[in-house]
Amino acid sequence: METLEQIRKKIDKLREDIRYHDYRYYVLDNPVISDSEYDELMRELIDLENKYPELITPDSPTQRISGAVREEIGTVRHRQKMLSLQNAFSFQELKEFADRVYRELGTRQVEFVCELKFDGSAVSLSYENGLFMAGATRGDGETGEDVTANLKTIGSVPLRIENPKYEFMEVRGEVNRWAST
73 METLEQIRKK IDKLREDIRY HDYRYYVLDN PVISDSEYDE LMRELIDLEN KYPELITPDS
133 PTQRISGAVR EEIGTVRHRQ KMLSLQNAFS FQELKEFADR VYRELGTRQV EFVCELKFDG
193 SAVSLSYENG LFMAGATRGD GETGEDVTAN LKTIGSVPLR IENPKYEFME VRGEVNRWAS
253 T
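Take our numbering: the last position of the sequence shown gets the number 253, and nothing is skipped along the way.
The structure is reproduced here in structure tokens:
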């Protein structure tokens, strides 16, 4: 008979293996196991978590939501106002933006990153002690729609950050849906 600690280690190993295979599949587009082998790993993890629900953690691959998302959407109040990004359509507009930044910061020792404009949805992801806790749209900047369940369906959104530097961390970015041609 396995001890609870042995079962915990087995569950941790399954989660680690599933995350590795998720990364190979979703990020690298280079899976190293078949779909049926992956399904077997997931089934084993689900069975163990059903037998030992006290060992379920919020970042477990079994907690990723798939399928339909609830139609009723709540709201989330942003800790800091979530502003929209500004676009620059000419070199002159880019230069004016840089000059404003230099003035505000009182230095010209600034690095910029520019990228093409993609039309997506601005979101905020909140992590506490490395665990993904909530996701929200920008909304009016102060309050956004709770899209936590939706974000959990995106395989590249981490449910856990290893060795977090801060107790609370917020990541803001753009969610894009790519249409294949």
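Built from N, CA and C at the ideal position, the CB exists for glycine as well.
Practice item. State the Cα-Cα distance for the pair ILE226 and GLU116, rounded to the nearest angstrom. Key: One-based indexing of the sequence shown puts residue 226 at position 154. One-based indexing of the sequence shown puts residue 116 at position 44. Between ILE226 and GLU116, the C-alpha separation is close to 22 Å.
Practice item. Below 6 Å CB to CB, which residues in the same chain sit around ILE83 once its five sequence neighbours on both sides are set aside? Key: Residue 83 sits at position 11 when you count from the first residue of the sequence shown. In chain order, LEU120, LEU127 place their CB closer than 6 Å to the CB of ILE83, counting only its own chain and leaving out the 5 sequence neighbours on each side.
Practice item. For THR44, count neighbouring C-beta atoms within 10 Å of its own C-beta (all shown protein chains included) and say buried if the count is 16 or more, exposed if not. Key: A question about residue 44 goes unanswered here, because the residues of the chain that appear run from 73 up to 253.
Exercise for review: Run through the region 91–124 for me and flag every whole alpha helix (DSSP H) of 4 or more residues, listed as ranges in chain order.
Suggested key: Within the region 91–124, the complete alpha helix (DSSP H) runs of at least 4 residues fall at 107–123.
Check your understanding: Which whole-angstrom value describes the C-beta separation of GLY216 and VAL104, a residue pair presumed to lie in contact below a C-beta threshold of 8 Å?
Key -> Your numbering for residue 216 matches position 144 in the sequence shown. Your numbering for residue 104 matches position 32 in the sequence shown. With a Cβ gap of about 38 Å, GLY216 and VAL104 do not count as contacting.
**Study point:** Contacts around ARG80, its chain only, beta-carbon distance under 7 Å, and the 5 residues preceding and following it disregarded
**Key:** Here the question's residue 80 lines up with position 8 in the sequence shown. Closer than 7 Å at Cβ, skipping near neighbours: LEU127.
Review point. What residues are listed by DSSP as bridge partners for GLU200?
Key: Residue mapping note: residue 200 aligns to position 128 of the sequence shown, counting from 1. Beta-bridge partners of GLU200 (DSSP): LEU203, PHE240.
**Study point:** PHE184 versus GLY192, ARG172, GLN135, residue with shortest Cα-Cα distance
**Key:** Start at 1 with the first residue of the sequence shown, and residue 184 comes out as number 112. Selected option, being the one with the closest Cα: ARG172.
Point to revise | Separation of LEU113 from ILE90, as counted between CA atoms | key: Sequence index remark: in the sequence shown, residue 90 carries index 18 (1-based). Sequence index remark: in the sequence shown, residue 113 carries index 41 (1-based). ILE90 and LEU113: Cα-Cα distance of roughly 7 Å.
Check your understanding: Pick from CYS186, LEU86, GLN152, THR220: whose alpha carbon is nearest that of GLU165?
Key -> Residue numbering aside, residue 165 sits at position 93 when the sequence shown is read from its first letter. Per the Cα distances, CYS186.
**Study point:** Assumed close pair MET154, ALA194 - CB separation to whole angstroms, cut-off 8 Å
**Key:** Your numbering for residue 154 matches position 82 in the sequence shown. Your numbering for residue 194 matches position 122 in the sequence shown. Indeed, because the Cβ distance is near 7 Å, the residues count as touching under 8 Å.
Practice item. Look at the alpha carbon of GLU143 and the alpha carbon of LEU223, and state the distance between them as a whole number of angstroms. Key: The count along the sequence shown starts at 1 and reaches residue 143 at position 71. The count along the sequence shown starts at 1 and reaches residue 223 at position 151. With a pLDDT of only 46 at GLU143, under 50, the local geometry of the prediction cannot be trusted, and the value read off the model is given with reservation. Going by the C-alpha atoms only, they are around 14 Å apart.
Point to revise | Exposure label - ARG151; buried when at least 16 CB within 10 Å | key: Position 79 of the sequence shown, counting from 1, holds the residue named residue 151. Exposed.
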